[in-house]
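Residue numbers (my numbering): 482 to 868. Please read the structure below before turning to the comments.
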């Protein structure tokens, strides 16, 4: 029987500067540094992506989930890059090593290529591999000229097929139009985002988080599911509706992607609450301003924070900002009703996500990642030892 074609998103995370880095530095610490950064990025891509294989200086990942949310997918790509930049900054600050590899680690960067199409799974060398025209295309797109347009080596390049599958508006998102001609396949329309610019904007953005210490009231729940899964069910309207007692939830983002400024209209009978996103930190927290359909009602500001619980579980905190003194009585009453509804809703959510395996049963077995030993942090080489 011929293998069955499946529709999937494909992505390749490729280390920029890999060849020149390895050619110019000591391999001992260099390999550990590469492994550390690659581990950071691959973990950041899960889910929605699964690792298909390592390809030297790149990781090839994919997801066959037919209902993958486009906004979540873009958040995963950029979130993985942001995790790399934070990790790079952290280890550079912590490292006291003066070897060439540790000094030059800042020359490394990442680029991503994302495509949507068809693939088949076939046995090769004793393990299943992904194959097909679209698998070839995403690999061919690694060799491109987009760096000249974005002005750097850190970028994500989406095929037009991927953008259409996600239902995203690349022009509204400010992506850069690009074209490549690929042998045999022909002209390919692409859309690029400068990840270095995105990181600088992310790093400089002022946080609007109701912290635990500043909260007027906090609701807490433990959910036996990964943070990424809980985040999806909290933030994607189609998933949110499954457990929350709203008649309908309509999202307004204007560009096919959630973030600051996104408004959700939550209908309850003849009344509609409006939630506007004030801060957006995917998988960590998001803050909303809630306008209730009551004349003169104050806007309620709430942060929904997801923290790591034991054994891969999630600790959810719903933190309400302190109201003005004149609004406390109203907020107290609204919070009590909200707590009752949320407790019932979380009970429904738990039945949907706890103990479930969301990965496809036909997924390719993930290869083992080569862990970093961390010697570049624990066994520094001083300059005197190099002479």
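Here a beta-carbon is modelled for each residue, glycine too, at the ideal position from N, C-alpha and C.
{"Check": "Could you tell me if residue 771 is buried or exposed, where buried requires 16 or more neighbouring beta carbons within 10 angstroms of its beta carbon?", "Outcome": "buried"}
{"Check": "By alpha-carbon positions, which one of 810, 562, 831 ends up nearest to residue 594?", "Outcome": "562"}
{"Check": "Taking a contact to mean a Cβ-Cβ separation below 8 Å, would you say residue 724 touches residue 830 in this structure?", "Outcome": "yes"}
{"Check": "Relative to the C-alpha of residue 517, which candidate in 809, 570, 558, 559 has its C-alpha closest?", "Outcome": "570"}
{"Check": "For the candidate residues 552, 557, 587, whose alpha-carbon lies nearest to that of residue 511?", "Outcome": "587"}
{"Check": "With DSSP as the reference, identify every bridge partner of residue 761, one or two as the case may be.", "Outcome": "767"}
{"Check": "For residue 558, count the other beta carbons within 10 Å of its own beta carbon; 16 or more makes it buried, fewer makes it exposed. Which is it?", "Outcome": "buried"}
{"Check": "Is the segment 737-747 touching the segment 795-802, taking contact as three or more C-beta pairs under 8 Å?", "Outcome": "no"}
{"Check": "Taking DSSP as the reference, what is the three-state secondary structure of residue 623?", "Outcome": "coil"}
{"Check": "Using the Cα positions of residue 713 and residue 786, report the straight-line distance between them to the nearest angstrom.", "Outcome": "13 Å"}
{"Check": "Which runs of the beta strand (DSSP E) at least 3 residues long sit entirely within the segment 588-649? Give them in chain order.", "Outcome": "590-605, 608-612, 636-640"}
{"Check": "Around the Cβ of residue 596, are there at least 16 other Cβ atoms within 10 angstroms (buried) or fewer (exposed)?", "Outcome": "buried"}
{"Check": "Is it right to say residue 494 is buried, meaning 16 or more other beta carbons lie within 10 angstroms of its own, or is it exposed?", "Outcome": "buried"}
{"Check": "Hey, out of 833, 489, 715, 837, whose CA is closest to residue 599's CA?", "Outcome": "489"}
{"Check": "Which partner residues of residue 748 appear in the DSSP bridge assignment?", "Outcome": "729, 753"}
{"Check": "Take residue 501 as the anchor and find which of 582, 767, 564 has the nearest alpha-carbon.", "Outcome": "582"}
{"Check": "How many angstroms separate the CA atom of residue 575 from the CA atom of residue 568?", "Outcome": "10 Å"}
{"Check": "Rounding to the nearest angstrom, what Cα-Cα distance links residue 835 and residue 739 in this structure?", "Outcome": "25 Å"}
{"Check": "When the Cα of residue 767 is compared with those of 711, 728, 751, which residue comes out closest?", "Outcome": "711"}
{"Check": "Under DSSP, the alpha helix (DSSP H) around residue 778 begins and ends at which residues?", "Outcome": "Note, residue 778: premise wrong, no alpha helix (DSSP H); not H, not E."}
{"Check": "On the CB-based measure, 16 or more other CB atoms within 10 Å of its CB, does residue 529 come out buried or exposed?", "Outcome": "buried"}
{"Check": "Taking the DSSP output, what are the residues bridged to residue 658?", "Outcome": "672"}
{"Check": "Check whether the Cβ atoms of residue 565 and residue 522 lie closer than 8 Å to each other.", "Outcome": "yes"}
{"Check": "For residue 591, which option in 677, 663, 508 has the closest C-alpha, if you only look at C-alpha atoms?", "Outcome": "677"}
{"Check": "Taking 6 Å as the limit between beta carbons, can you name the residues of its chain near residue 669, skipping five residues before and five after?", "Outcome": "661, 663"}
{"Check": "Within 10 angstroms of the Cβ of residue 485, are there 16 or more other Cβ atoms? Answer buried if so, exposed if not.", "Outcome": "exposed"}
{"Check": "Could you give the DSSP three-state label for residue 741: helix, strand or coil?", "Outcome": "coil"}
{"Check": "In this structure, does DSSP put residue 500 in helix, strand or coil?", "Outcome": "helix"}
{"Check": "By how many angstroms is the C-alpha of residue 589 removed from the C-alpha of residue 817?", "Outcome": "51 Å"}
{"Check": "Whose C-beta lies closer than 8 Å to the C-beta of residue 726 among residues of the same chain, with five residues either side of it excluded?", "Outcome": "749, 822, 825, 826"}
{"Check": "Leaving out five residues on either side along the sequence, give the residues of the same chain with a beta carbon under 7 Å from the beta carbon of residue 715.", "Outcome": "721, 785"}
{"Check": "Please identify the residue among 544, 625, 580 whose C-alpha is closest to the C-alpha of residue 602.", "Outcome": "544"}
{"Check": "Once DSSP output is grouped into helix, strand and coil, what is the label at residue 544?", "Outcome": "strand"}
{"Check": "With which residues is residue 783 paired in a DSSP beta bridge?", "Outcome": "769, 801"}
{"Check": "Nearest-angstrom Cα distance between residue 773 and residue 765?", "Outcome": "25 Å"}
{"Check": "Below 8 Å on the Cβ atoms is my contact criterion, and I expect residue 673 with residue 657 to pass it. Report the Cβ-Cβ distance as a whole number of Å.", "Outcome": "4 Å"}
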